[in-house]
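J.:
2 protein chains.
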Amino acid sequence: MDRAKRVLRSEGRAARISDVATAAGVSTATVSRALAFPDRVSEATRLRVLEAVRELNYTPNEAARALRVGATRMILVISPYLYSGAFFNGVINGLDAELASAGYTMIVGSVDGPIEKARRLVDLVYSRQLDGVVVLTGVDPVVEGRSLLDAEIPIVSICSPMSKPSVPAVLIDDEECARKQFRHLFALGHRRFVYLSGADQHYSEIVRYRGVRKEARASGLGEADVIRLAGLYTLESGAEAGRRYLQLADRPTGIVCASDEMAIGFIKTVSEAGLRVPRDLSVVGFDGIPFTRYYEPSLTTIVQPQAALGARGAEALLTLIRDPLALPTPRIGLRGELRIGGSTGPAPPAAVHRQRQALLSS
Amino acid sequence: MDRAKRVLRSEGRAARISDVATAAGVSTATVSRALAFPDRVSEATRLRVLEAVRELNYTPNEAARALRVGATRMILVISPYLYSGAFFNGVINGLDAELASAGYTMIVGSVDGPIEKARRLVDLVYSRQLDGVVVLTGVDPVVEGRSLLDAEIPIVSICSPMSKPSVPAVLIDDEECARKQFRHLFALGHRRFVYLSGADQHYSEIVRYRGVRKEARASGLGEADVIRLAGLYTLESGAEAGRRYLQLADRPTGIVCASDEMAIGFIKTVSEAGLRVPRDLSVVGFDGIPFTRYYEPSLTTIVQPQAALGARGAEALLTLIRDPLALPTPRIGLRGELRIGGSTGPAPPAAVHRQRQALLSS
DNA sequence: TTGTAAGCGTTATCAA
DNA sequence: TTGATAACGCTTACAA
Numbered sequence: 001m002d003r004a005k006r007v008l009r010s011e012g013r014a015a016r017i018s019d020v021a022t023a024a025g026v027s028t029a030t031v032s033r034a035l036a037f038p039d040r041v042s043e044a045t046r047l048r049v050l051e052a053v054r055e056l057n058y059t060p061n062e063a064a065r066a067l068r069v070g071a072t073r074m075i076l077v078i079s080p081y082l083y084s085g086a087f088f089n090g091v092i093n094g095l096d097a098e099l100a101s102a103g104y105t106m107i108v109g110s111v112d113g114p115i116e117k118a119r120r121l122v123d124l125v126y127s128r129q130l131d132g133v134v135v136l137t138g139v140d141p142v143v144e145g146r147s148l149l150d151a152e153i154p155i156v157s158i159c160s161p162m163s164k165p166s167v168p169a170v171l172i173d174d175e176e177c178a179r180k181q182f183r184h185l186f187a188l189g190h191r192r193f194v195y196l197s198g199a200d201q202h203y204s205e206i207v208r209y210r211g212v213r214k215e216a217r218a219s220g221l222g223e224a225d226v227i228r229l230a231g232l233y234t235l236e237s238g239a240e241a242g243r244r245y246l247q248l249a250d251r252p253t254g255i256v257c258a259s260d261e262m263a264i265g266f267i268k269t270v271s272e273a274g275l276r277v278p279r280d281l282s283v284v285g286f287d288g289i290p291f292t293r294y295y296e297p298s299l300t301t302i303v304q305p306q307a308a309l310g311a312r313g314a315e316a317l318l319t320l321i322r323d324p325l326a327l328p329t330p331r332i333g334l335r336g337e338l339r340i341g342g343s344t345g346p347a348p349p350a351a352v353h354r355q356r357q358a359l360l361s362s
Numbered sequence: 363m364d365r366a367k368r369v370l371r372s373e374g375r376a377a378r379i380s381d382v383a384t385a386a387g388v389s390t391a392t393v394s395r396a397l398a399f400p401d402r403v404s405e406a407t408r409l410r411v412l413e414a415v416r417e418l419n420y421t422p423n424e425a426a427r428a429l430r431v432g433a434t435r436m437i438l439v440i441s442p443y444l445y446s447g448a449f450f451n452g453v454i455n456g457l458d459a460e461l462a463s464a465g466y467t468m469i470v471g472s473v474d475g476p477i478e479k480a481r482r483l484v485d486l487v488y489s490r491q492l493d494g495v496v497v498l499t500g501v502d503p504v505v506e507g508r509s510l511l512d513a514e515i516p517i518v519s520i521c522s523p524m525s526k527p528s529v530p531a532v533l534i535d536d537e538e539c540a541r542k543q544f545r546h547l548f549a550l551g552h553r554r555f556v557y558l559s560g561a562d563q564h565y566s567e568i569v570r571y572r573g574v575r576k577e578a579r580a581s582g583l584g585e586a587d588v589i590r591l592a593g594l595y596t597l598e599s600g601a602e603a604g605r606r607y608l609q610l611a612d613r614p615t616g617i618v619c620a621s622d623e624m625a626i627g628f629i630k631t632v633s634e635a636g637l638r639v640p641r642d643l644s645v646v647g648f649d650g651i652p653f654t655r656y657y658e659p660s661l662t663t664i665v666q667p668q669a670a671l672g673a674r675g676a677e678a679l680l681t682l683i684r685d686p687l688a689l690p691t692p693r694i695g696l697r698g699e700l701r702i703g704g705s706t707g708p709a710p711p712a713a714v715h716r717q718r719q720a721l722l723s724s
């Protein structure tokens, strides 16, 4: 056994299964079995094999195994932007925990930026290098006519359904959450609103905006009482929306945001202009990222179950991988909850509001 | 060619190189060449091959290629915590941009949590599934006596050197940055300090703390003028340090933090207790994460070149992969810069400070 | 310029 | 319980 070790070292190559087999005095088949199915091998053999494995510092070559078995134990997660956004970090952490405990490794890719990046991801999928795909927020990169959805690979979606209804999706009750945002402000006396939107066309954007409008109508408000400002979920787009808000002739006092980051960017801008939150206006965020607890004021927001979104998505995917034919639950519903912080308060009396507005404009 | 396509579809399997070869009427070797070295085949052949590739929707099987070539075009990035911390997100984005443009795919793993996760990463490295490794903040998982450093794989480190000096490292001037943090406060008149630390034993922690103490000594202060509060870089550990700060009998007015998140957590806690920043105390962060611009007050901080740290690390690694024997630059130095925000200001006059302190304690 | 064929390191079938 | 052996799909000498 020692001689085998010296040979390897002198040749400067890693041990392979045949080295272990030689060292243990068995065949490669037996080594493979001893590792994969310890109980299908005699006690004595198993011990000798394991000893040789340890001695030679043997780790099976994954490429060879993947080629042979046709599975890689790798999962691709497609995120809208790479590592931006504390919210997706939370979801991805949930995914990773679940996937890792099942023995899977996760690759996170984004399709923002140059088309090259998207092409690589699509190639990765089509080259059978992946056992499954998780899609966040419904992104479906189509490169040269190839879509992930045609790749015959297990796939689940989180935060948005896919265009192909058979793809399982883990969703929260976006519409109801948006209504909760609105109701909270309405109950505080706010009667005119800004809806600070997410990216156009996004599933959650469409559903949440609908929720806000429905709730506004149900509360007896008209179309003009909810002003939609376009945002992109980011800090900067929230700050930019704040600037547009400041230019409004008669400013609403209830601000419903599609993300926490936008809420924070928005508050920053209007604070610098001299407005005070929640004295002059109230802001509700969406997501429940860790920063919301530490912002000044702390943010009233919808807390999404980030880890659970990831974990349930991982579960659904693993189910699909283990039995690709079993019909999976097409929709998994989770719920967001309103957490009240310091960024919302009673609407200022109309007279006071008008007066302050006049003061600030001057 | 159409027949080949129908056969594949009926068999429900992906096209392989031999299918393309048959369809194009050439050998598999020619297909391989047409794809990898287009100029080593004739124009006509190339066109026929590419047409067959398109027709059959062929993507080379990466596992087979990896097995044959002994390279996977995958890079492992080991991060201290998975997807926490806006700072590492910035570094990882820099890495990804550079690696992706060189045709590499990135896997991000963390070694926090159960030992199982670390074992998987180490196995991944030893199973030759990776072409290189990037280590953030010097983490070196050792599982069952195997260290990454013994794996004979190209490896570079970012934000910290490794114990093995031959490993290239991309570093910033931590000591000088810490001195800048201190000098800024000292110039504003602060004479007693809190140093809110990072994780014990961390390279950057050791170096930065040394910088602060050196600068304090150079400024004529004594040991007792810098109080070290232990932190862990996180929002929560900053908030916790704030609580300990509030219990100090005589509270320093200059707060030097080892991360932005701690600075924010700290400010939140002391603000809630009635202190005002920067009127009563000044706080300097470290990292320059996006939130620092949107916090209220905006944070004075050391801006680390996050994307550049990642990009230079990726470059160094790619160099090492392409020529493992070339002696790489062992140290790559980048610089952080002080960005002044609203969280620092003139130290309050001693009398005022004492008076306010007495008021608050009551 | 093209084709033949060996071999990368596994696992799984089949026979002993 | 074990061993011999045939794939898995690709790349690359080497030969033609």
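Order-wise, the sequence lines are chains A and B.
Numbered according to the numbering used here, the first sequence terminates at residue 362, and the numbering increases by one at each position without gaps.
Numbered according to the numbering used here, the second sequence terminates at residue 724, and the numbering increases by one at each position without gaps.
We treat Cβ as the ideally placed atom computed from N, Cα and C, and that holds for glycine.
Could you check where the alpha helix (DSSP H) with B/C521 kicks off and where it finishes?
T.: Note, B/C521: premise wrong, no alpha helix (DSSP H); not H, not E.
J.: Does DSSP put B/A376 in a helix, in a strand, or in coil?
T.: Correct three-state label for B/A376: coil.
J.: Could you spell out the range, first to last residue, of the beta strand (DSSP E) harbouring B/F399?
T.: Premise fails: B/F399 is in no beta strand (DSSP E) and is neither H nor E.
J.: Using only CA atoms, which one of B/Q563, B/R553, B/S559 lies nearest to B/S525?
T.: Nearest of B/Q563, B/R553, B/S559 to B/S525, Cα basis: B/Q563.
J.: I want to know whether the segment 493 to 501 of chain B touches the segment 430 to 442 of chain B - three or more CB-CB distances under 8 angstroms.
T.: Cβ pair count under 8 angstroms is three or more, so yes.
J.: If the cut-off is 8 angstroms on Cβ atoms, which residues from the segment 619 to 639 of chain B count as contacting chain A, listed in chain order?
T.: Residues passing the 8 angstroms Cβ filter: I626, G627, I629, K630, S633.
J.: Taking the C-alpha atoms as reference points, what is the distance between B/P640 and A/G341?
T.: About 24 angstroms.
J.: State the DSSP-derived secondary structure class of B/S489, mapped to helix, strand or coil.
T.: Coil, per DSSP.
J.: Going by Cα to Cα distance, which pick from B/I683, B/T662, B/E677 is closest to B/E699?
T.: When only C-alpha atoms are compared, the closest one is B/T662.
J.: The beta strand (DSSP E) with B/F555 in it runs from where to where?
T.: Segment 555 to 558, the beta strand (DSSP E) holding B/F555.
J.: Between which residues of its own chain and B/P422 is the CB-CB distance below 8 angstroms, once the five residues before and five after are set aside?
T.: The answer, listed in chain order, is I379, L397.
J.: Mind reading off the beta-carbon distance from B/E537 to B/R570? Whole number of angstroms is fine, and I expect it under 8 angstroms.
T.: Right, the Cβ-Cβ distance comes to about 7 angstroms (below 8 angstroms), so this counts as a contact.
J.: Would you mind reading off the limits of the alpha helix (DSSP H) that contains A/R179?
T.: First-last of the alpha helix (DSSP H) with A/R179: 174 to 187.
J.: Let me confirm a value: B/S566 is counted as buried when at least 16 other C-beta atoms fall within 10 Å, else exposed. Which label applies?
T.: So B/S566 ends up on the buried side.
J.: Just grab the DSSP bridge partners of A/A169 for me.
T.: Its beta-bridge partners are A/S157, A/R331.
J.: Taking the straight line between their C-alpha atoms, what separation do you get for A/R40 and A/E51?
T.: Their Cα atoms are separated by approximately 17 angstroms.
J.: Which residues share a DSSP beta bridge with B/I440?
T.: B/I440 pairs with B/G471, B/V497.
J.: Using a 10 Å radius around the Cβ and a threshold of 16 neighbouring Cβ atoms, would you call A/Q247 buried or exposed?
T.: The residue in question, A/Q247, is exposed, as its Cβ has fewer than 16 Cβ neighbours within 10 Å.
J.: Quick check: is any heavy atom of the ligand PLP less than 7 angstroms from the C-beta of B/A459?
T.: No copy of the ligand PLP occurs in the structure displayed, which carries no ligand at all.
J.: DSSP state of A/R6, grouped into three classes?
T.: Here A/R6 sits in helix by DSSP.
J.: Taking the beta strand (DSSP E) that A/E337 belongs to, which residues open and close that run?
T.: Start and end: 337 to 339.
J.: Can you pull the chain A neighbours of B/P710, defined as C-beta to C-beta under 9 angstroms?
T.: Those do not exist, as B/P710 stays about 20 angstroms from chain A at its closest Cβ, beyond 9 angstroms.
J.: Taking the continuous alpha helix (DSSP H) assigned at B/F450, which residues delimit it?
T.: Segment 448 to 463, the alpha helix (DSSP H) holding B/F450.
J.: So, is A/G345 buried or exposed, given that buried needs 16 or more other C-beta atoms within 10 angstroms?
T.: Buried, since its Cβ has 16 or more Cβ neighbours within 10 Å.
J.: Report all residues from its chain with a CB closer than 6 angstroms to the CB of A/T253; omit the five preceding and five following residues, and keep chain order.
T.: Hits under 6 angstroms: H190, L281, A347.
J.: Tell me whether the beta-carbon of B/P692 lies closer than 8 angstroms to the beta-carbon of B/S528.
T.: Contact flag set, yes.
J.: Going by beta carbon distance, what residues of the same chain come within less than 8 angstroms of A/P154, once the five residues before and after it are set aside?
T.: Cβ within range, chain order: D131, G132, V133, L317, L320, I321, P324.
J.: Do B/G452 and B/Q717 come within 8 angstroms of each other at the CB atom, strictly closer than that value?
T.: Contact: no.
J.: How would you label B/F548, buried or exposed, when you count the other beta carbons within 10 angstroms and need 16 or more for buried?
T.: B/F548 should be labelled buried.
J.: Which residues of chain B have a Cβ atom closer than 8 angstroms to the Cβ of A/R120, listed in chain order?
T.: Those within 8 angstroms of A/R120 in chain B are A462, G465, T467.
J.: For the segment 263 to 279 of chain A against the segment 99 to 119 of chain A, are there 3 or more C-beta pairs whose distance is under 8 angstroms?
T.: The answer is no - the segment 99 to 119 of chain A does not touch the segment 263 to 279 of chain A, with fewer than three Cβ pairs under 8 angstroms.
J.: By the three-class DSSP mapping on this structure, what secondary structure does B/I626 have?
T.: Helix.
J.: Run down chain A in chain order and give the residues with a C-beta less than 7 angstroms from the C-beta of B/R485.
T.: Here residue 485 of chain B turns out to be Asp, not Arg, going by the sequence shown. Ordered by position in chain A, the residues that pass the 7 angstroms Cβ test against B/D485 are T59.
J.: Would you say B/R490 reaches chain A, if we count a Cβ-Cβ gap shorter than 8 angstroms as a contact?
T.: So yes, B/R490 belongs to the interface.
J.: Taking B/P652 as the query, report the chain A residues whose CB atoms sit under 7 angstroms from its CB, ordered along the chain.
T.: Within chain A, the residues near B/P652 are L235.
J.: Along the beta strand (DSSP E) that carries A/T301, what are the first and last residues, could you check?
T.: Run containing A/T301: 300 to 303, per the beta strand (DSSP E) assignment.
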